[in-house]
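**Student:** I have a structure here, written as structure tokens, and I will follow up with some questions on it.
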Amino acid sequence: EPEVTQTPSHQVTQMGQEVILRCVPISNHLYFYWYRQILGQKVEFLVSFYNNEISEKSEIFDDQFSVERPDGSNFTLKIRSTKLEDSAMYFCASILRGLTDTQYFGPGTRLTVL
Amino acid sequence: KQEVTQIPAALSVPEGENLVLNCSFTDSAIYNLQWFRQDPGKGLTSLLLIQSSQREQTSGRLNASLDKSSGRSTLYIAASQPGDSATYLCAVLISSGSARQLTFGSGTQLTVLP
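In the order they appear, the protein sequences are chains V and D.
Start counting the first sequence at -9; every next residue gets the next number (our numbering).
Start counting the second sequence at 104; every next residue gets the next number (our numbering).
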């Protein structure tokens, strides 16, 4: 069964460094999302992406964040200058077609900022 | 602003029991509601999706109901097994500008004792 994959599974970085989290959504899916979950807290929406542009972004998704679909398969989340509070689990999700279809989540990348 | 609440926060039951997890949301203007399972340190696995026009969905030992007008959903697990131990999250799909995003509850941590 097709699944969303994410790399790396765990990323440790120093405060102020740039990180790129990678996702490969399910083939033929059209809508892509990033969510994050700080330890012990709720899963929070970051950004949605469709047709090679951002559809919507939350208050969390400030100028330090960017997303890109550099080719036909990868979907990336970049954090330019990481802060301690960026430490969290980051999940990628994708939807096949309709915006009300099931969102399929990847296994997540655990980001630790020291 | 949509708020999703899950009760109880934690639940421990002996194997074989039937159980109900509760989810409530403050704004009934939702497109659908999705139940997820999250194992420790892992991603989210979609269990059931109920569209706003539906009342319930079933998959194996799982049955989810939705009462949109009262802002409630329940997840019924029949004949629970130790392998059902996980955190169960509910999330509602809401409109956000031109996009749709999931708003999550905090989850119910379920432990099924052998």
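For each residue, glycine too, the CB sits at the ideal point set by N, CA and C.
Just so you know, these numbers come straight off a predicted model, no measurement behind them.
#1: Would the segment -3 to 13 of chain V and the segment 66 to 76 of chain V be scored as touching if the rule is three or more Cβ pairs under 8 Å?
#2: Answer yes or no: do residue 151 of chain D and residue 188 of chain D have a C-beta to C-beta separation smaller than 9 Å?
#3: How would you write the range of the beta strand (DSSP E) that residue 79 of chain V sits in, first residue to last?
#4: So, for residue 21 of chain V: in the same chain, excluding its five sequence neighbours on each side, which residues have a beta-carbon less than 6 Å away from its beta-carbon?
#5: According to a CB-to-CB cut-off of less than 9 Å, which residues of the segment 85 to 101 of chain V neighbour chain D?
#6: Going by alpha carbons, who is nearest to residue 186 of chain D out of D:192, D:204, D:140?
#7: Looking at the structure shown, is residue 117 of chain D part of a helix, part of a strand, or coil, going by DSSP?
#8: In chain V, what lies closer than 9 Å to residue 149 of chain D by C-beta?
#9: Within the chosen definition, does the segment 111 to 120 of chain D reach the segment 87 to 99 of chain V through at least 3 CB pairs nearer than 8 Å?
#10: Whole angstroms are fine: how far does the CA of residue 32 of chain V sit from the CA of residue 209 of chain D?
#11: Can you give the beta carbon distance from residue 153 of chain D to residue 166 of chain D, rounded, assuming they're within the 8 Å contact cut?
#12: If you measure between the beta carbons of residue 207 of chain D and residue 174 of chain D, is that distance less than 9 Å?
#13: Counting only beta-carbon separations shorter than 9 Å, does residue 7 of chain V have a partner in chain D?
#14: So, helix, strand or coil for residue 58 of chain V, using DSSP?
#15: Verify whether the separation of the beta carbon atoms of residue 133 of chain D and residue 195 of chain D is less than 9 Å.
#16: Could you spell out the range, first to last residue, of the beta strand (DSSP E) harbouring residue 68 of chain V?
#17: Strictly below 9 Å CB to CB, what residues from chain D border residue 35 of chain V?
#18: Provide the residue(s) that pair with residue 106 of chain D in DSSP beta bridges, ordered along the chain.
#19: Does residue 157 of chain D have its Cβ less than 9 Å from a Cβ in chain V?
#20: Between the segment 122 to 144 of chain D and chain V, which residues of the former have a C-beta closer than 9 Å to a C-beta of the latter?
**Tutor:** On the basis of the data shown:
#1: Result yes; three or more Cβ-Cβ pairs closer than 8 Å.
#2: Your numbering for residue 151 of chain D matches position 48 in the second sequence. Your numbering for residue 188 of chain D matches position 85 in the second sequence. No Cβ-Cβ contact shorter than 9 Å links residue 151 of chain D with residue 188 of chain D.
#3: Taking the first residue of the first sequence as position 1, residue 79 of chain V is located at position 89. Boundaries of the beta strand (DSSP E) harbouring residue 79 of chain V: 78 to 85, taken from the DSSP string.
#4: The sequence position of residue 21 of chain V within the first sequence is 31, counting from 1. The residues are 40, 85.
#5: Taking 9 Å as the Cβ-Cβ cut-off against chain D, the residues of the segment 85 to 101 of chain V that qualify are 85, 89, 90, 91, 92, 93, 94, 95, 96, 97, 98, 100.
#6: Reading the second sequence from its first residue, position 83 is the one you call residue 186 of chain D. When each option's Cα is compared against that of residue 186 of chain D, the closest is D:140.
#7: Against the second sequence, residue 117 of chain D aligns to sequence position 14. Residue 117 of chain D falls in the strand class under three-state DSSP.
#8: Counting from one through the second sequence, the residue named residue 149 of chain D turns up at place 46. Listed by position along chain V, the residues whose Cβ is nearer than 9 Å to that of residue 149 of chain D are 92, 93, 94, 95.
#9: By the Cβ rule, the segment 111 to 120 of chain D does not count as touching the segment 87 to 99 of chain V, because fewer than three pairs are nearer than 8 Å.
#10: Locating residue 209 of chain D in the second sequence gives position 106, counting from the first residue. Locating residue 32 of chain V in the first sequence gives position 42, counting from the first residue. The alpha-carbon atoms of residue 209 of chain D and residue 32 of chain V are separated by roughly 5 Å.
#11: Start at 1 with the first residue of the second sequence, and residue 153 of chain D comes out as number 50. Start at 1 with the first residue of the second sequence, and residue 166 of chain D comes out as number 63. Distance from residue 153 of chain D to residue 166 of chain D at the Cβ level is roughly 10 Å; contact not present, criterion being Cβ atoms closer than 8 Å.
#12: Counting from one through the second sequence, the residue named residue 207 of chain D turns up at place 104. Counting from one through the second sequence, the residue named residue 174 of chain D turns up at place 71. Between residue 207 of chain D and residue 174 of chain D, the C-beta gap is not smaller than 9 Å, which leaves the two residues out of contact.
#13: On the first sequence, residue 7 of chain V is found 17 positions in, with the first residue counted as 1. No - not a single Cβ of chain D is within 9 Å of the one on residue 7 of chain V.
#14: Along the first sequence, read from residue 1 onward, the residue named residue 58 of chain V stands at position 68. If DSSP states are grouped into helix, strand and coil, residue 58 of chain V belongs with the strands.
#15: Residue numbering aside, residue 133 of chain D sits at position 30 when the second sequence is read from its first letter. Residue numbering aside, residue 195 of chain D sits at position 92 when the second sequence is read from its first letter. Yes, Cβ-Cβ distance for residue 133 of chain D and residue 195 of chain D is below 9 Å.
#16: Against the first sequence, residue 68 of chain V aligns to sequence position 78. Annotation: the continuous beta strand (DSSP E) that includes residue 68 of chain V extends over 65 to 69.
#17: Here the question's residue 35 of chain V lines up with position 45 in the first sequence. Correct list: 199, 204, 205, 206, 207.
#18: What you label residue 106 of chain D is simply residue 3 of the second sequence in a count that begins at 1. According to DSSP, residue 106 of chain D bridges with nothing at all.
#19: Within the second sequence, the letter at position 54 stands for residue 157 of chain D. Contact with chain V is absent for residue 157 of chain D, since none of that chain's Cβ atoms lies less than 9 Å from the residue's Cβ.
#20: The segment 122 to 144 of chain D vs chain V, Cβ under 9 Å: 134, 135, 137, 139, 141, 144.
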